[in-house]
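Using full-length UniProt numbering, the first residue of the sequence shown is number 1, and each one after it goes up by one. Every residue, glycine too, gets a C-beta built ideally from N, C-alpha and C. One structure is given below, encoded as structure tokens.
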Amino acid sequence: MSVSVKTKIIKLTTISAIVLSSLSMSLPAHAAFPFSSFKDEVPSLAPMVERVTPAVVNISVKGSKEVKAGMDPFQYFFGQRRGQSQVQEKPFQGLGSGVVIDKDKGYIVTNFHVINDADEILVTLKDGRKFKAKKLGGDEQSDIAVLKIEPDNLTEMELADSDKIRVGDFVVAIGNPFGLGQTVTSGIVSAKGRTGLNTSNGGYEDFIQTDAAINSGNSGGALVNLNGELVGINTAIIAPGGGNVGIGFAIPSVMMNNLIEQIIEFGEVKRGVLGIQGANMDSDIAAAFGLKLAQGAFVQQVMPDSSAEKGGLKSGDVITHVDGVKIRSFTELRSKVATKGAGTKVELQVLRDGDEVDVNVVLGAADQPVVTAENIHPSLKGAKLAAGETKRGEAGVVVSEVAERSPAAMVGLEDGDVIVAVNNKRVISVTELRESLENSGGVMALNVSRGGSSLFILIR
């Protein structure tokens, strides 16, 4: 009897109920890992686990989402057109995990999909203490977000260099599966550089694959090496037909760190761009160009006046390494470059006409990122913001979108408004707007440019 299998990529919130099988790890007592070293004790990961688990937190969220509902037939008699759908606010709750990365400043990293649309975020530490968390910002396309709690005797987790881990290295996953509480599982690194899973909108993917059991609710939790250092942030699983297959994915710590540094400094991710078009290197391209290499990023076109052109890249080049780290595809190159900030210097190793060439490039800036305004202030929920300028050329923060019946619409913001000052203090970026609102007490007056005229919008 044949059985058809449908594969699903599952983000690890508690909405899903997919369980992965765990790998039972058996190691010799003399293995050079941080097990208990007492002669009469059984080898154990317990000393390392006890040291690092206080840095992994449970996250619970509450919020509401706008959903389209079918038409109530009685509405037709009260003036609503036949067949017109209704938009309703639907409350939701969710659970996930997070990792403390700065004990002094109270910074916690998690997945964007864990806290997306959340109005309330509650962080619970391993010792039972609870804190209300503030969302500093996030990046939906790479599924990373940063929270802040008031620091109070926290434990942070040190970062590993995820570029140096190898397939076969032992790893431990720590998180909050199914809301059961903190759970530890073990396994190995099964693969690196996994892409094409389409787990996020637009997708910048460069996943570590592991068979350590990670489940619904593990999103944002830690994948650590046997030294107790953070290797990655657990994000998704593959679950064919709801079965148990032991395939999980984590965002590498190097990629994560590039993103959170930008979020903490700017409130957003300022993506770097090379300015090339290309394709995944394969055997067909290699044969066409007389090359033996079948992995890497093939450069089809270099855009005029781009960072790539200024750095000396040429069409026909095959990019094989980024900052000394081997890449397998153009997709992997795209993710590595996009998660490095604009203005970052990048060293590329290139195969050109059979010779290895080093090319140094300073990454350009991608299109101005759009920031969800609720991350800036609750009264601005429903608006999207980006740095820009007024019709007169005056720098400010552009309101690119305002959802109907949202708090932002209620205070009077409209699409196309440009916020140029808060309480008469000039703002020219989203970061400056955030700082001005945080430092303002009581009533806040937004100086807005709209269609060539100026007005004030009050936020209480």
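Considering only P407, G96, G106 and D143, the residue with the shortest C-alpha distance to Q182 is G96. Under DSSP, no beta-bridge partner is assigned to M410.
Within the model, the alpha-carbon separation for K192 versus T210 is close to 9 Å. Exposure of K90 is indicated by the presence of fewer than 16 other C-beta atoms within 10 angstroms of its C-beta. Nearest to P43 by alpha-carbon distance, out of V123, L226 and I59, is L226. Annotation for E50: the continuous alpha helix (DSSP H) segment containing it runs A46 to V52. Your pair I327 and A297 checks out as a contact, with CB atoms roughly 6 Å apart and the cut at 8 Å. In the displayed model, G393 falls within coil according to three-state DSSP, outside both helix and strand. Within the segment 167-215, the complete beta strand (DSSP E) segments of 3 residues or longer fall at 170-175, 183-194 and 207-210, listed in chain order. Only exposed fits S64, as fewer than 16 other CB atoms lie within 10 angstroms of its CB.
DSSP, reduced to helix, strand and coil, places G311 within a helical segment of the structure shown. Of the residues Q93, T110 and H113, the one whose Cα lies closest to the Cα of E120 is Q93. Residue pairing by DSSP places D139 opposite I144 in a beta bridge. In this structure, Q262 sits near G341, with a CB-CB distance shorter than 8 Å. Contact between the segment 214-224 and the segment 165-180 is established, with three or more Cβ pairs separated by less than 8 Å. Taking a contact to require three or more Cβ pairs closer than 8 Å, the segment 344-352 and the segment 302-318 qualify as touching. Here N258 carries a helix assignment [DSSP, helix/strand/coil]. A direct Cα-to-Cα measurement between L136 and V57 gives close to 17 Å.
By the Cβ-count criterion, L455 is exposed, with fewer than 16 other Cβ atoms from all chains shown falling within 10 Å of its own Cβ.
V269 and E41 have their C-alpha atoms roughly 48 Å apart. When the alpha-carbon of M256 is set against those of N111, S60 and V171, the nearest one is in N111. In the structure shown, R328 falls within a coil segment according to DSSP collapsed to helix, strand and coil. Shown here, I263 sits in a helix according to DSSP, grouped into three states.
Distance from the CA of V337 to the CA of E432, rounded to the nearest whole angstrom, comes to 26 Å. Looking at Y107, N424 and I233, the one whose alpha-carbon comes closest to that of E265 is Y107.
M410 sits exposed, since fewer than 16 C-beta atoms from the chains shown fall within 10 Å of its C-beta.
Where V114 is concerned, there is no enclosing beta strand (DSSP E), although the alpha helix (DSSP H) around it starts and stops at F112 to I115.
Contact between S335 and E229 is ruled out by a C-beta separation of about 22 Å, above the 8 Å threshold. In this structure, V189 sits away from L154, with a CB-CB distance that is not shorter than 8 Å. With fewer than 16 other Cβ atoms from the protein chains shown falling within 10 Å of its own Cβ, G451 counts as exposed. In the structure shown, V337 falls within a helical segment according to DSSP collapsed to helix, strand and coil. Pairing V325 with S307, the inter-Cα distance amounts to about 20 Å. If you compare the alpha carbons of S440, V402 and A395 with that of V430, the shortest gap goes to A395.
Annotation: the segment 397-453 contains the following complete segments of the beta strand (DSSP E) (minimum length 3 residues), in chain order: 418-422 and 444-450.
A direct Cα-Cα distance of roughly 47 Å separates I165 from Q88. Boundaries of the beta strand (DSSP E) around I276: I276 to N280.
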